[in-house]
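Down below is the structure, laid out as structure tokens.
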Amino acid sequence: MDAENRPRTFADDLLARVRDSTAPLLVWYGAAGERVELSGHVFDNWVAKSANLLTEELDAGPGTVVALRLPAHWKSLALAFGALHTGAELVLEPTGAAPGTSSPPAARVDVVASDDPLAAAAGHPGAEVIAVALGAMALAFPGPAPAGALDYAAEVRAFGDYYLAEPVDGGASALRDARGAVDYATLFSPAEGDASGNALLGPGASLRRALREALAVWGGGDALVLLGDGAQATDRLRASERVARVLAP
């Protein structure tokens, strides 16, 4: 096996750099002015809790296909990195898609997480469903969900703050969406270029774009400011978050 594809704990390697940091790593703004700041330490805790939920409740690991039908949001990123911690394959689906229209569809989906769990369940019969409440202060999913669905907001806090990651084959598929599949070694390869400083990703970005930019920005030691739909990138916001660069959505 060549050096690129050797087994590694890819997500853990990235987050280990910020695990003890109290500096902002991810800041999310909502349309109503909500602001959620996660330090490296806090985000790592959320990722670990998400990974432990996926493994302990849903047996996620290498070979598991985890679909995310979610917008770019801090909880979406916590779930995405949690799934990557386990060695699973992520399938990113457009939000608001008609049932069964993941693009391209995976051969199967074992777990699907969505803020519209009824539509997600209809699109993936037989898959385990995670209902994700996106409200900044939500402690439980506020709407209807399929029988047996896991309530992410209500349950994730009960899981451990540390995840013992196992090495993953660098050639294993990490991410699949309309653009095709990307393996772990490629997804976690260092970003090219010399841009630096806190970065702002505006409204309208896909979860794939948010994930890619998070990997690049955090790999460079900076913070990502993520704006949800309806949030405004005001001069005051940019100044308060020390934004050095604005990324196209």
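Counting in our numbering, the sequence shown tops out at residue 251, every number present.
Where a beta carbon is used, it is the ideal one built from N, C-alpha and C, also for glycine.
Run through the DSSP bridge pairs and tell me what residue 239 is partnered with. The bridge partners DSSP lists for residue 239 come to none.
Measure the C-alpha to C-alpha separation of residue 171 and residue 183 and round it to an integer number of angstroms. It is roughly 15 Å from the alpha-carbon of residue 171 to the alpha-carbon of residue 183.
What do you get for residue 91, buried or exposed, if any count of 16 or more other CB atoms within 10 angstroms of its CB means buried? Counting Cβ neighbours within 10 Å, residue 91 comes out buried, since at least 16 surround it.
Nearest to residue 206 (by Cα), restricted to the options 40, 73, 34 and 9: The candidate whose alpha carbon is nearest that of residue 206 is 73.
In whole angstroms, what is the alpha-carbon distance linking residue 121 and residue 181? Going from the Cα of residue 121 to the Cα of residue 181 covers about 23 Å.
Counting C-beta neighbours from all protein chains within 10 Å, is the total for residue 78 16 or more, i.e. buried, or is it exposed? By the Cβ neighbour-count rule, residue 78 is buried, with 16 or more other Cβ atoms within 10 Å of its own.
Based on Cα-Cα distance, which residue from 251, 154, 153 and 191 lies nearest to residue 8? Looking at 251, 154, 153 and 191, the one whose alpha-carbon comes closest to that of residue 8 is 191.
Residue 124 to residue 61 span [Cα, whole Å]: Going from the Cα of residue 124 to the Cα of residue 61 covers about 22 Å.
Comparing alpha-carbon positions, which option in 236, 33 and 225 lies nearest residue 25? The shortest C-alpha separation from residue 25 is found at 225.
First through last residue of the beta strand (DSSP E) which encompasses residue 91: Here the beta strand (DSSP E) through residue 91 covers 91 to 94.
So, helix, strand or coil for residue 244, using DSSP? Under the three-state reduction of DSSP output, residue 244 falls in the coil class, being neither helix nor strand.
Shortest alpha-carbon distance to residue 88 belongs to which of 37, 247, 222 and 55? That would be 55, whose Cα lies nearest to the Cα of residue 88.
Where residue 12 sits in the DSSP three-state scheme: In the structure shown, the three-state DSSP call for residue 12 is helix.
Between the CA atoms of residue 111 and residue 12 - distance to the nearest angstrom: Going by C-alpha positions, residue 12 is about 22 Å away from residue 111.
Identify the residues that DSSP records as bridge partners of residue 70: which are they? Looking at the DSSP output, residue 70 sits in a beta bridge with 94 and 115.
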